[in-house]
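Taking it in order: structure first as structure tokens, then the write-up.
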Amino acid sequence: MTSVWILRPGDDIFSAGRLHNYAQPRQITRATDQLEDVGMPLLSNQKVDGRFAVVAAVTKEWGIGNEEKLPWHPKRLQLDMAFLKFVTTHHYECCGDSIRFTDLDTGVRNAVIMGRKTWDSIPTRFKPMEDRINIIVTRDVHAKDGNRHPDVVAVTSFESAVEEASRLAGGSGIYEAALNRDYDGGCDCVFLTRLTDHPSMPCDTHFPGTLLDKYPRVINITRQCQELLTPTVKLTDDGEHVVEGAITYRIDAF
310 MTSVWILRPG DDIFSAGRLH NYAQPRQITR ATDQLEDVGM PLLSNQKVDG
360 RFAVVAAVTK EWGIGNEEKL PWHPKRLQLD MAFLKFVTTH HYECCGDSIR
410 FTDLDTGVRN AVIMGRKTWD SIPTRFKPME DRINIIVTRD VHAKDGNRHP
460 DVVAVTSFES AVEEASRLAG GSGIYEAALN RDYDGGCDCV FLTRLTDHPS
510 MPCDTHFPGT LLDKYPRVIN ITRQCQELLT PTVKLTDDGE HVVEGAITYR
560 IDAF
């Protein structure tokens with residue numbers, strides 16, 4: 310699963326065809342902003358509050374990738390992919406033992422934030438991820454597609470990306486930076502697809518699972534997501550997992 314942060318109502322973000330210095334938080338208006346690109350879309354005038362959510366999918370051994378592909382490649386997990394798109398195009402709030410999803414305000418889009426390897430792993434026909442701002446964290450911003458598409462922004466650090474959006478999801482370095490961020494806001498929710506039964510899946514990239522110890526509450530939202538997004542995907546008898554082929558998994562919110 311790719312790296313994702315969701316832009317919430319009241320947050321702000323803008324897209325640009327080239328790298329800009331976002332080192333300091335600032336209020337932006339069309340009249341006073343001096344960025345180079347002309348016609349840059351401004352979605353809101355509110356500063357980002359520094360809070361975000363993590364979205365990831367992991368194997369039993371916390372694997373998230375192998376040779377820059379998902380561990381279960383070429384299989385696609387129908388509910389997991391549908392949830393990725395849904396959670397990155399909606400706002401959410403915790404309501405007791407469930408999560409309530411609502412539409413974003415008119416004129417507000419979500420931000421999908423990812424490392425360069427994750428960006429490169431997305432098939433060309435699927436990028437940029439539609440209806441979302443795509444933020445790429447990379448050391449080589451001038452060579453990336455972000456310099457050629459209005460919905461893609463390239464930045465050189467995780468902190469720069471934090472100033473641009475409010476949800477996140479991968480690769481491993483981005484996850485670790487996010488879960489370790491305890492100042493000026495931080496991660497307020499982790500949406501995790503967890504494979505609980507599956508064939509052997511070699512992985513060379515892993516999620517920092519030990520960092521989830523600071524999130525003791527776990528809400529199983531598998532049934533909620535299955536009924537909302539993919540009712541044809543089979544639920545297990547306990548209603549806490551879905552089964553797709555030889556893979557059993559669940560979706561949790563921490």
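Quick note: the sequence shown uses this note's numbering, first residue 310, plus one each step.
No residue lacks a Cβ here, since even glycine has one placed at the ideal position from N, Cα and C.
Have a look at the options and flag the residue whose alpha-carbon is nearest the alpha-carbon of residue i.
{"i": "D429", "options": "T519, C496, D406 and G374", "result": "G374"}
{"i": "D522", "options": "C498, D506 and L379", "result": "C498"}
{"i": "T519", "options": "E485, T541 and E536", "result": "E485"}
{"i": "R532", "options": "I422, F467, Y558 and P437", "result": "Y558"}
{"i": "T368", "options": "R526, T505 and G548", "result": "T505"}
{"i": "L413", "options": "M423, C404, E468 and V396", "result": "V396"}
{"i": "A470", "options": "M423, R385 and H382", "result": "M423"}
In terms of DSSP beta bridges, what is residue i paired with?
{"i": "H515", "result": "G372"}
{"i": "F500", "result": "V364 and A562"}
{"i": "V421", "result": "N443"}
{"i": "T557", "result": "D506 and V552"}
{"i": "K543", "result": "V552"}
{"i": "L411", "result": "Sequence check: residue 411 is Thr here, not Leu. Partner(s): H400."}
{"i": "I431", "result": "According to DSSP, which records beta bridges pairwise, I431 is partnered with nothing at all."}
Return the chain-ordered list of same chain residues with a C-beta closer than 8 Å to the C-beta of residue i, the five sequence neighbours on each side being excluded.
{"i": "F392", "result": "F500, T502, C534, L538 and I560"}
Roughly how far, in whole angstroms, is the beta-carbon of residue i from the beta-carbon of residue j, given that I think they are within contact range, below 8 Å?
{"i": "V462", "j": "I483", "result": "Between I483 and V462 the Cβ distance is about 15 Å, and since that is not below 8 Å, they are no contact."}
Output needed for residue i: all residues of its chain with C-beta closer than 6 Å, excluding positions within five of it in sequence on either side, in chain order.
{"i": "P508", "result": "A555"}
{"i": "E402", "result": "R409"}
{"i": "I530", "result": "I408, I560 and A562"}
{"i": "P380", "result": "T368, G372, M510 and C512"}
Excluding the five sequence neighbours on either side, which residues of its own chain have a C-beta within less than 7 Å of the C-beta of residue i, listed in chain order?
{"i": "P511", "result": "N375"}
{"i": "T411", "result": "H399 and H400"}
{"i": "V542", "result": "Q387, L388, Q535, V551 and E553"}
{"i": "D440", "result": "T398 and R418"}
{"i": "D460", "result": "S324, P437, I442 and N443"}
{"i": "H515", "result": "W371, G372, I373 and S481"}
{"i": "Y524", "result": "V499 and F563"}
For a minimum of 4 consecutive residues, which ranges assigned as the alpha helix (DSSP H) are wholly contained in the segment 380–409?
387–396
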